[in-house]
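Line by line, the protein sequences give chains A and B.
Be aware that the first sequence starts at 263, since it is given in the working numbering, and climbs by one per residue.
Be aware that the second sequence starts at 263, since it is given in the working numbering, and climbs by one per residue.
No residue lacks a Cβ here, since even glycine has one placed at the ideal position from N, Cα and C.
Please read these numbers as outputs of a predicted model, since none were measured by experiment.
2 protein chains.
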Amino acid sequence: MIDDGTHADPGGPGLEPDLGRGLLALVRAYQEHVSPALGDLPHGPRGYQTLREVGYGAHPTQVSLARHLGVDRTVMTYLIDDLVEAGLVERRANPEDRRQRLVVLTARGRSEVDALCSRVVEAEDSLLGALTTKERGQLRRLVIKAAGALDDNR
Amino acid sequence: MIDDGTHADPGGPGLEPDLGRGLLALVRAYQEHVSPALGDLPHGPRGYQTLREVGYGAHPTQVSLARHLGVDRTVMTYLIDDLVEAGLVERRANPEDRRQRLVVLTARGRSEVDALCSRVVEAEDSLLGALTTKERGQLRRLVIKAAGALDDNR
DNA sequence: TATTGTTATACTCTATAACTATA
DNA sequence: TATAGTTATAGAGTATAACAATA
């Protein structure tokens with residue numbers, strides 16, 4: 263049995279605009295725009311986000327890095343493995359808790375993440391090309407604020 | 263060789279805030295918040311987005327649905343298969359081009375998507391709990407605008 | 001007992017390639 | 001020749017379970 267559609271489109275697009283589809287489309291486009299700017303960085307955007315947190319965050323162990331990125335700790339093992347192999351980070355023992363590995367940037371890792379940052383911001387801006395400069399700032403701020411609050415519930 | 267970190271954190275969080283990580287975190291949390299509201303709807307948010315477009319969009323063929331959602335056309339075959347099996351949509355032949363399948367909502371599909379919509383908006387609001395009502399509206403508008411412009415480049 | 005990290009394995013989502021049928 | 005849809009297969013990303021080392 264098929265609906266005849268007579269009560270579709272009550273004055274335009276119908277229903278509310280779909281935030282979920284918009285977010286998913288943005289993330290997809292983000293990968294496509296930003297990945298090329300990252301060259302052969304292992305794991306693309308994920309690797310970049312990890313380097314950032316290793317260099318500038320307060321989460322040096324693998325478990326806390328994983329929590330920060332919202333992935334399982336087993337994922338972080340592979341991620342760090344490949345960043346080590348690329349010479350961008352190193353694992354150090356933590357004398358205060360020998361279960362942990364403290365992950366630190368190598369000198370090359372630091373100059374790499376610094377250089378990548380401006381390229382990423384450029385790529386992000388081209389991704390948001392439909393928005394005005396002011397709107398881009400708003401979107402950045404709102405996304406960071408909303409996502410930051412989610413981190414606290416973990 | 264390890265960087266000593268002396269030039270880290272030049273006045274706070276260091277670097278620009280990471281839009282990519284924020285977006286990814288939002289999408290992840292979106293799945294977690296919205297999926298329960300969708301009950302046993304096949305393919306969760308993807309299924310919901312498909313039902314919306316089938317019922318209220320201008321993209322009735324599988325290829326155009328796939329393009330709208332940003333996935334390959336092979337994915338749409340599985341998606342529609344399962345929505346048909348759930349009794350929510352049906353495939354119709356298109357007399358004007360017999361290669362195509364016109365996808366339409368069943369009566370149950372239409373009442374289902376209408377009922378789900380309000381629940382989804384509720385779940386989205388709880389996802390954005392850290393934002394004020396005004397900010398939620400802004401974020402919705404900006405995401406839709408930015409994502410909508412991306413669709414045109416396909 | 002609980003936590004950190006590792007490894008092996010499996011699952012989900014998506015894409016690629018090859019095919020049929022239509023245009 | 002090109003497009004719509006299907007099917008089989010493969011890949012990327014992620015999670016679960018089991019384990020060793022340490023707390």
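My understanding is that residue i touches residue j, with C-beta atoms under 8 Å, so please give their C-beta distance in whole angstroms.
{"i": "Gln-476/B", "j": "Gly-282/A", "result": "Only positions 263 to 416 of chain B appear in the structure, and residue 476/B is not among them; the question remains open."}
{"i": "Arg-360/B", "j": "Gln-324/B", "result": "Going by Cβ atoms, the distance from Arg-360/B to Gln-324/B rounds to 14 Å, so no, they are not a contact pair."}
{"i": "Ala-392/B", "j": "Lys-407/A", "result": "6 Å"}
{"i": "Leu-390/A", "j": "Arg-403/A", "result": "Actually they are not in contact, since the Cβ atoms of Leu-390/A and Arg-403/A sit about 13 Å apart, beyond 8 Å."}
{"i": "Gly-317/B", "j": "Arg-372/B", "result": "6 Å"}
{"i": "Gly-410/B", "j": "Val-405/A", "result": "Actually they do not touch by this definition, with Cβ atoms about 17 Å apart."}
{"i": "Val-289/B", "j": "Val-333/A", "result": "Between Val-333/A and Val-289/B the Cβ distance is about 13 Å, and since that is not below 8 Å, they are no contact."}
{"i": "Ile-342/B", "j": "Val-375/B", "result": "In fact, because the Cβ distance is near 15 Å, the residues do not count as touching under 8 Å."}
{"i": "Ala-287/B", "j": "Leu-412/A", "result": "6 Å"}
So, for residue i: in the same chain, excluding its five sequence neighbours on each side, which residues have a beta-carbon less than 8 Å away from its beta-carbon?
{"i": "Leu-300/A", "result": "Gly-306, Pro-307, Gly-309, Tyr-310, Leu-378, Arg-381 and Val-382"}
{"i": "Thr-368/B", "result": "Gly-349, Leu-350, Val-351 and Glu-352"}
{"i": "Glu-315/B", "result": "His-321, Leu-327, His-330 and Leu-331"}
{"i": "Gln-293/B", "result": "Gly-306 and Pro-307"}
{"i": "Asp-387/B", "result": "Arg-398"}
{"i": "Val-346/A", "result": "Glu-352 and Arg-353"}
{"i": "Gly-267/B", "result": "The predicted position of Gly-267/B is uncertain, since its pLDDT is 38 and thus under 50; no value can be drawn from it."}
{"i": "Leu-277/B", "result": "none"}
Can you give me the Cβ contacts of residue i inside the same chain, cut-off strictly under 6 Å, excluding the 5 residues immediately before and after it?
{"i": "Ala-348/B", "result": "Pro-304"}
{"i": "Ala-385/A", "result": "His-295, Val-296 and Ala-299"}
{"i": "Arg-370/A", "result": "Gly-349"}
{"i": "Asp-344/A", "result": "Pro-304"}
{"i": "Asn-356/B", "result": "Gln-362 and Leu-364"}
{"i": "Asp-302/B", "result": "none"}
{"i": "Tyr-340/B", "result": "none"}
{"i": "Glu-358/B", "result": "none"}
{"i": "Thr-395/A", "result": "none"}
Name the DSSP beta bridge partners of residue i, please?
{"i": "Thr-323/B", "result": "Leu-364/B"}
If you drop the 5 nearest sequence neighbours on each side, which residues of the same chain put their C-beta closer than 7 Å to that of residue i?
{"i": "Met-338/B", "result": "Gln-324, Leu-327 and Ala-328"}
{"i": "Asp-280/B", "result": "none"}
{"i": "Ala-291/B", "result": "Leu-389"}
{"i": "Arg-335/B", "result": "Gln-324, Val-325 and Ala-328"}
Item to complete: Quick one: which unbroken beta strand (DSSP E) runs of 3-plus residues sit fully inside the segment 336-397 of chain A? Chain order, please.
Response: Qualifying beta strand (DSSP E) stretches, in chain order: 351-355 and 363-367.
Practice prompt. Note down, in chain order, all residues in the segment 398-411 of chain B with a beta-carbon under 9 Å from any beta-carbon belonging to chain A.
Written response: Hits within the stretch, in order: Arg-398, Gln-400, Leu-401, Arg-402, Arg-403, Leu-404, Val-405, Ile-406, Lys-407, Ala-408, Ala-409, Gly-410 and Ala-411.
Worksheet item: Which of the residues in the segment 292-303 of chain B, read from start to end, lie with their CB under 8 Å from any CB of chain A?
Response: Against chain A - using a Cβ distance shorter than 8 Å - the residues of the segment 292-303 of chain B are Tyr-292 and Val-296.
Worksheet item: If you measure beta-carbon to beta-carbon, which residues of the segment 360-387 of chain A are closer than 9 Å to chain B?
Response: Within the segment 360-387 of chain A, those residues whose Cβ lies closer than 9 Å to any Cβ of chain B are, in chain order, Val-366, Leu-367, Thr-368, Ala-369, Arg-370, Gly-371, Arg-372, Ser-373, Val-375, Asp-376, Cys-379, Ser-380, Val-382, Val-383 and Glu-386.
Worksheet item: At a Cβ cut of 7 Å, what residues of the segment 305-318 of chain B count as close to chain A, listed as they run along the chain?
Response: Within the segment 305-318 of chain B, those residues whose Cβ lies closer than 7 Å to any Cβ of chain A are, in chain order, Pro-307, Gln-311, Arg-314, Gly-317 and Tyr-318.
Worksheet item: When you check each C-beta in the segment 337-350 of chain B against every C-beta of chain A, which residues fall closer than 7 Å?
Response: The segment 337-350 of chain B vs chain A, Cβ under 7 Å: nothing.
Item to complete: Could you please tell me which residues of the segment 279-290 of chain A, in chain order, have their CB closer than 9 Å to any CB of chain B?
Response: When C-beta distances to chain B are compared with 9 Å, the residues of the segment 279-290 of chain A below that value are Pro-279, Asp-280, Leu-281, Gly-282, Arg-283, Gly-284, Leu-285, Leu-286, Ala-287, Leu-288, Val-289 and Arg-290, in chain order.
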